[in-house]
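Chemist: Below: one structure in structure tokens.
Here you go:
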């Protein structure tokens with residue numbers, strides 16, 4: 665085993681540009697995904713907690729189905745499979761999304777040539793898959809958080825004359841949010857890590873760039889190490905933030 | 005069309021009439037489950053080790069376990085799979101079959117999560133248990149072995165089942181380095197037959213769902229059953 669490490673070549677020149685591009689794409693996909701996942705997750709959770717039985721069944725089925733199927737299958741489904749259930753014209757429009765933002769554009773101070781990858785149909789289906797998948801987990805986290813508030817809190821606040829919405833707004837949610845935020849942030853973290861699966865359908869995010877460096881220079885070891893370190897840096901920064909948050913706020917929740 | 009390929013989805017190209025000699029050809033859902041079962045078994049022991057190191061008083065083992073757990077948990081599974089796939093030629097001088105290298109990645113990845121479960125499970129036991137065990141004359145290791153771990157592990161069984169569920173889902177990532185598991189059989193069939201992608205991906209999603217949902221509901225019922233026998237403070 666005589667392997668010459670070449671760290672410089674894996675982060676400079678062409679690979680360096682790819683890495684930056686991949687980093688930006690990963691962050692963009694993740695943040696858009698997190699936004700939609702939160703919106704969907706809150707909707708599903710609210711539906712789950714209503715008294716109207718069909719809503720409860722639908723949202724329960726949604727959560728169970730998307731939690732118990734692999735993300736990769738979902739990505740492939742949205743990318744290859746979902747096309748046939750859409751109308752022809754909508755389908756064509758989605759496939760042409762790639763050409764919507766042509767030409768060079770700058771982002772974060774660096775110039776990108778070609779199209780805005782984000783709006784390709786690939787990244788659209790990845791964003792759909794990521795946000796649907798994560799929203800199922802988020803709905804469960806929020807529900808668990810709200811249920812962890814003792815039931816007599818609701819009863820007591822109802823008894824003091826608040827109506828149902830007011831009780832939630834002023835008594836239950838302020839407490840629940842504190843409990844829910846740390847697991848929510850770790851779901852965001854999972855989403856960022858899961859966005860690496862986007863490479864399976866050819867979105868040029870970080871993991872894809874690692875394979876590109878591998879095939880360009882043959883620097884498999886270096887490329888994957890660098891990309892792993894970038895992911896690690898992202899998640900360590902975020903989990904550090906969670907720990908700080910816990911230190912500041914968690915102690916105040918007492919019953 | 006799906007019906008014709010269903011046996012391929014379920015066990016790949018293996019001849020089930022004579023399973024054992026052909027076990028190398030096993031594919032589809034069967035291969036996913038084999039990966040998940042061996043993976044969870046390996047990850048249990050590695051995770052138990054890492055978890056116990058994480059809660060030990062020895063600074064070196066504590067911090068090395070902490071670094072291990074944080075690094076693995078902060079890395080996407082896909083990167084780990086690539087790592088072991090591309091690292092093997094450098095370390096061993098020969099390529100490792102993709103089945104084995106993805107298995108190593110699964111074990112390493114899941115063990116970090118199991119280590120955290122072990123840590124939480126041991127910490128959840130009332131400290132009186134340890135004190136009582138030490139007081140009755142057992143050494144620290146003996147107390148761990150005969151008093152703490154049997155209780156802690158029993159409480160952790162639902163979490164292990166959940167981890168098994170997520171590992172079963174994660175085995176689909178082995179598709180990317182070419183293991184012939186359920187995801188890959190789906191893509192193969194998708195490439196062979198045109199225009200039925202929708203049905204194919206729905207089918208394998210349902211296959212994964214059935215396996216995972218059974219396990220999830222099982223873990224939920226276990227959780228209810230176990231919570232009655234837990235040792236608690238007060």
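Residue numbers (my numbering), protein chains in the order written: chain A, 665 to 919; chain B, 5 to 238.
Ideal Cβ placement from N, Cα and C applies to all residues, glycine included.
1. Is it the case that the Cβ atoms of residue 887 of chain A and residue 894 of chain A are separated by a distance below 9 Å?
2. Would you mind sorting residue 57 of chain B into buried or exposed? The rule is 16 or more other CB atoms within 10 Å of its CB.
3. Looking at C-alpha atoms only, which residue of A:827, A:844, A:672 is the closest neighbour of residue 813 of chain A?
4. According to the Cβ coordinates, are residue 209 of chain B and residue 727 of chain A closer than 9 Å?
5. Using a Cβ-Cβ distance under 9 Å, would residue 163 of chain B count as near chain A?
6. Grab me the residues of residue 177 of chain B's own chain with a C-beta within less than 7 Å of its C-beta, minus the 5 sequence neighbours each way, in chain order.
7. When burial is assigned at 16 or more other CB atoms within 10 Å of the CB, is residue 786 of chain A buried or exposed?
8. Can you tell me whether DSSP reads residue 64 of chain B as helix, strand or coil?
9. Using only CA atoms, which one of B:38, B:121, B:207 lies nearest to residue 158 of chain B?
10. What do you get for residue 676 of chain A, buried or exposed, if any count of 16 or more other CB atoms within 10 angstroms of its CB means buried?
11. If distances are taken between C-alpha atoms only, which option among A:800, A:745, A:743 comes closest to residue 730 of chain A?
12. Going by DSSP in three states, residue 813 of chain A sits in which element: helix, strand or coil?
13. Indicate whether residue 278 of chain B and residue 119 of chain B have their beta-carbon atoms separated by less than 9 Å.
14. Check whether the region 865-877 of chain A touches the region 48-63 of chain B, taking contact to mean three or more Cβ pairs, one atom from each stretch, closer than 8 Å.
15. Take the Cβ of residue 240 of chain B as the centre, count every other Cβ of all protein chains shown within 10 Å, and call the residue buried at 16 or more, exposed below.
16. Run through DSSP, which three-state label would residue 200 of chain B get?
17. Looking at C-alpha atoms only, which residue of A:744, A:669, A:847 is the closest neighbour of residue 200 of chain B?
18. Per DSSP, what kind of secondary structure is residue 227 of chain B in: helix, strand or coil?
19. On the criterion of 16 or more Cβ atoms from any shown chain inside 10 Å, does residue 781 of chain A qualify as buried, or is it exposed?
20. Under three-state DSSP, which class holds residue 869 of chain A?
21. Starting from residue 874 of chain A, find everything on chain B with Cβ-Cβ shorter than 8 Å and list it in chain order.
22. Flag this pair as yes or no: are the beta carbons of residue 116 of chain B and residue 72 of chain B separated by less than 9 Å?
23. Can you tell me the Cβ-Cβ gap for residue 791 of chain A and residue 697 of chain A, rounded? I've got them flagged as a contact below 8 Å.
24. By a C-beta neighbour count over all protein chains shown, 10 Å radius and 16 as the cutoff for buried, is residue 678 of chain A buried or exposed?
25. Take residue 808 of chain A as the anchor and find which of A:837, A:796, A:833 has the nearest alpha-carbon.
26. For residue 32 of chain B, which beta-bridge partners are listed by DSSP?
27. Which two residues bound the contiguous alpha helix (DSSP H) that contains residue 123 of chain B?
28. How about residue 733 of chain A: is its C-beta nearer than 9 Å to some C-beta of chain B?
Modeler: The short version:
1. no
2. buried
3. A:844
4. no
5. no
6. 81, 82, 85
7. buried
8. helix
9. B:121
10. exposed
11. A:800
12. coil
13. The structure shown has nothing for residue 278 of chain B, since chain B only spans 5 to 238.
14. no
15. An answer regarding residue 240 of chain B cannot be provided, because it is not within the stretch 5 to 238 covered by chain B.
16. coil
17. A:744
18. helix
19. The predicted model places residue 781 of chain A with a pLDDT of 47, which falls under 50 and marks its position as unreliable; any figure quoted below should be read in that light. By the neighbour-count rule (16 or more Cβ atoms within 10 Å), residue 781 of chain A is buried.
20. coil
21. 83, 86
22. yes
23. 5 Å
24. exposed
25. A:837
26. B:185
27. 102-128
28. yes
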